[in-house]
Structures are given as structure tokens and as C-alpha cells.
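Asker: One structure coming up, written as C-alpha cells, with questions to follow.
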Amino acid sequence: MRIVLRKLFWAWDFDKEEAWLNQKSAQGLALIAVGFCRYEFEEAAPGAYQIRLDLLPHGPNHPESQKYLQFLEESGIRQVGSLRRWVYLRRSTQDGAFHLHSDRDAQFKMLGRLMVLLGAVAFPNLYCVIWNLYVYWRYQAIVSLFGALVCTTFLFLLTWGWWVLYRKSKTLQREQNIFE
Amino acid sequence: MHNPPLTEGVYYILLSLLHPLHGYGIMQRAEALSRGRVRLAAGTLYGALTTLLEKGWIRTLENWPDSRKKQYQITPLGREALQYELTRLEELLENGKLLLEEERI
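Protein chains in written order, with the working numbering: chain A, 1 to 180; chain B, 181 to 285.
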């Protein structure tokens, strides 16, 4: 039987999303497809699969990504879905612990990619705030003031996300100073 | 050859590839060689293999019989890097032992 659940996770909370999906797997719901705020599961033996999320440098259909996903498949890791550059991967628990990145460099790279993506969304948003404020100041258009407020709220959210990722990368860096 | 120290992961990948292996085989071999201590994650292994291929330390084997999976093997340049690393590790070990022995005396 297929079950669809809807839940929102911010991009910077990918570890919470991963934990939630693994919790569902432990309850006997194996992830089979993903969409925007939409997760499709099928019934399976409790804990049969482990789920990991990965942010690819390119889209999932890019030749480089295809090579990477092919390599993962050869290692017993199946792609169950993708959402823009995010891929959702699962592996049978019988094959042992499932980790995608055992080195800190790869973890740094993934956090860095996500920070760049957030920045790429934040900067046009900042431009929108400034433009809307200018239009409001110049023509007293209330709609522009509303636009500026919406964009500012979104900008604060993105800045918060960027800060969360920055703290995660700093924690990793501190560990790297001690361990190889 | 003068290389910076290899990471444990890369060291065990090169050791594993003294004989042809595919990705999952490398993970299993590295884990067995290190008695379960070094567990290479698939994403990390892919990144390391890509870099090692670019450096010419390993190569892929085309048309490996009875296998759809891509197989890898160390090259003479990779063996040289491995030998250099081994010499470096021996030096670390010898110096450590020597100085600790002197402390005891």
C-alpha cells in the first residue's frame, strides 16, 4: 500500500529531513518517490532501508551526475527520487551502515554548495527589496511596500538558513583541526 | 616523487587496487585490510577515485569479463606514490620508536 505524506523542510535542515525519513523507515515506511513537500512511501519491513540525501554539483540528468549515480548504484545504493539538485538515496540495511561521505572535505563541499545556492537566491531577493522600496519612495505605491515586506521576510529566512549552514561548517572545521 | 601525506582512505584505496576491483569491492577490501576500522563511504570513494584517475595513479579496466561494473587498478605511478607513502610511514614509526626507547633509558 502506498502512503503519501506532506511535510515542509527548509533546505538547510536536510539532516532533519534525513532523520525523519529514516524514522519513517524504522516504522516500516520505505521512501519510493519525492516531490515538493511530498513524500511517497510503501510498506516494508521496519528498518529495511536507510536513507541519505545528497546535493549534487549539477542537476541529476547532467552526465557527471549520471556517472556518480551509476557508481552509487553499483555500490548497492538506489536513487528513489530527486528534487532539483537534491537526490534521495536508499540502501538496504542488510548491506551495513550507509554513509555517503566519510571525509570532512566532501561534507564541506556539500555545505559550501548549499551556501552558494542560498546566496544565489538571496542576492536577487535583496535587489527586489531595494527596487520595491525605491518604487514606493518614488510613487508611493502601496503594492511596492507590500512587495518589499514579503521580499524582506524571505531574505531574513535565507540569511538565517545561511547562518545555520555556516555554523555547521565551522563545527566541521574545528574537528578538522584536530583529526585528519 | 615528493607527495604530501596520503589520507588513510586513499592509502587503503591504492592498496586495495593492487588487484582489479569495482567500487563496492574497494569498500569491502579497505574495511577488511584495516580490520573494520576504515569504512569508505560511497560518495567519498567516488570523489577519491575521480581524483586518482585524474592524477594517473589508477586506471579503469575496459571490457572486464563477466562484469557490468567498472573496475579499477593501480598504475605504476600509483605504486610509486604508495611506495613513497610507505617509506614516510616507516620513518614516522622508526623515529617514534627510537625516541620513546631513549626516554625509557
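Just so it is clear, CB atoms sit at the ideal spot from N, CA and C, and this is done for glycine as well.
#1: Flag His-58 (chain A) as yes if its beta-carbon sits less than 7 Å from any beta-carbon of chain B, otherwise no.
#2: Given this structure, state the Cα-to-Cα distance separating Tyr-192 (chain B) from Arg-104 (chain A), to the nearest angstrom.
#3: For Lys-249 (chain B), would you say it is in contact with chain A, using Cβ-to-Cβ distances shorter than 7 Å as the test?
#4: Nearest-angstrom Cα distance between Val-143 (chain A) and Ala-11 (chain A)?
#5: If I measure Cβ to Cβ from Phe-14 (chain A) and keep anything under 6 Å in the same chain, skipping five residues before and after, which residues do I get?
#6: So who's on the other strand from Asp-95 (chain A), going by DSSP bridges?
#7: Please look up how many angstroms separate the CB atoms of Ile-51 (chain A) and Leu-31 (chain A), rounded, as I've assumed it's under 8 Å.
#8: Starting from Leu-273 (chain B), follow the alpha helix (DSSP H) in both directions and report where the run begins and ends.
#9: Let me know the secondary structure DSSP gives Thr-187 (chain B) once reduced to three states.
#10: Applying the criterion that 16 or more other CB atoms from any shown protein chain within 10 Å of the CB defines a buried residue, is Glu-43 (chain A) buried or exposed?
#11: Would you give the residue range spanned by the alpha helix (DSSP H) that Gln-107 (chain A) belongs to?
#12: Along the region 190-208 of chain B, what residues have a CB closer than 8 Å to any CB found in chain A?
#13: Quick one, are the C-beta atoms of Leu-197 (chain B) and Ile-238 (chain B) less than 7 Å apart?
#14: For my contact list, Ala-122 (chain A) and Thr-159 (chain A) are in at a C-beta cut-off of 8 Å; report their separation, rounded to the angstrom.
#15: Using Cβ-Cβ distances below 7 Å, what residues of the region 208-225 of chain B are close to chain A?
#16: Following the continuous beta strand (DSSP E) through Arg-78 (chain A), name the residue where it begins and the one where it ends.
#17: Give me the chain A residues within the contact set of Gly-227 (chain B), using Cβ-Cβ distance strictly less than 7 Å, ordered along the chain.
#18: In the region 63-84 of chain A, which residues sit with their C-beta less than 7 Å from some C-beta in chain B, listed in chain order?
#19: Which residue marks the beginning of the alpha helix (DSSP H) containing Arg-174 (chain A), and which one marks its end?
#20: Determine the DSSP secondary structure at Arg-248 (chain B), reduced to helix, strand or coil.
#21: Using 8 Å as the cut-off, can you tell me whether the region 211-231 of chain B makes contact with the region 257-270 of chain B, which would need three or more C-beta pairs spanning the two stretches below that distance?
#22: What residues from chain A crowd round Thr-231 (chain B), counting only those whose CB sits closer than 7 Å?
#23: Determine the direct distance from the alpha carbon of Tyr-127 (chain A) to that of Ser-65 (chain A), and round the result to whole angstroms.
#24: Any C-beta of chain B sitting closer than 7 Å to the C-beta of Asp-103 (chain A)?
#25: If I follow the unbroken beta strand (DSSP E) through Gly-28 (chain A), where does it start and stop?
#26: Identify the continuous beta strand (DSSP E) that holds Glu-242 (chain B) and give its terminal residues.
#27: Would DSSP call Arg-217 (chain B) helix, strand or coil?
#28: Can you give the beta carbon distance from Leu-262 (chain B) to Leu-195 (chain B), rounded, assuming they're within the 8 Å contact cut?
#29: With a Cβ-Cβ cutoff of 7 Å, do Phe-68 (chain A) and Tyr-226 (chain B) count as a contact?
Answerer: Concretely, from the data shown:
#1: no
#2: 17 Å
#3: yes
#4: 29 Å
#5: Leu-53
#6: In the DSSP output, where bridge partners are listed per residue, Asp-95 (chain A) has none listed.
#7: 6 Å
#8: 256-284
#9: coil
#10: exposed
#11: 104-139
#12: His-202, Gly-203, Tyr-204 and Met-207
#13: yes
#14: 7 Å
#15: Arg-219, Leu-220, Ala-221, Ala-222, Gly-223 and Thr-224
#16: 78-83
#17: Ala-106
#18: Tyr-68, Phe-71, Leu-72, Glu-74, Ser-75, Gly-76 and Ile-77
#19: 142-176
#20: coil
#21: no
#22: Correct list: empty, because the minimum Cβ distance to chain A is about 10 Å.
#23: 32 Å
#24: yes
#25: Looking at the DSSP string, Gly-28 (chain A) is not in any beta strand (DSSP E), and its letter there is neither H nor E.
#26: Looking at the DSSP string, Glu-242 (chain B) is not in any beta strand (DSSP E), and its letter there is neither H nor E.
#27: coil
#28: 7 Å
#29: Note that residue 68 (chain A) corresponds to Tyr in the displayed sequence, not to Phe. Cβ atoms of Tyr-68 (chain A) and Tyr-226 (chain B): closer than 7 Å.
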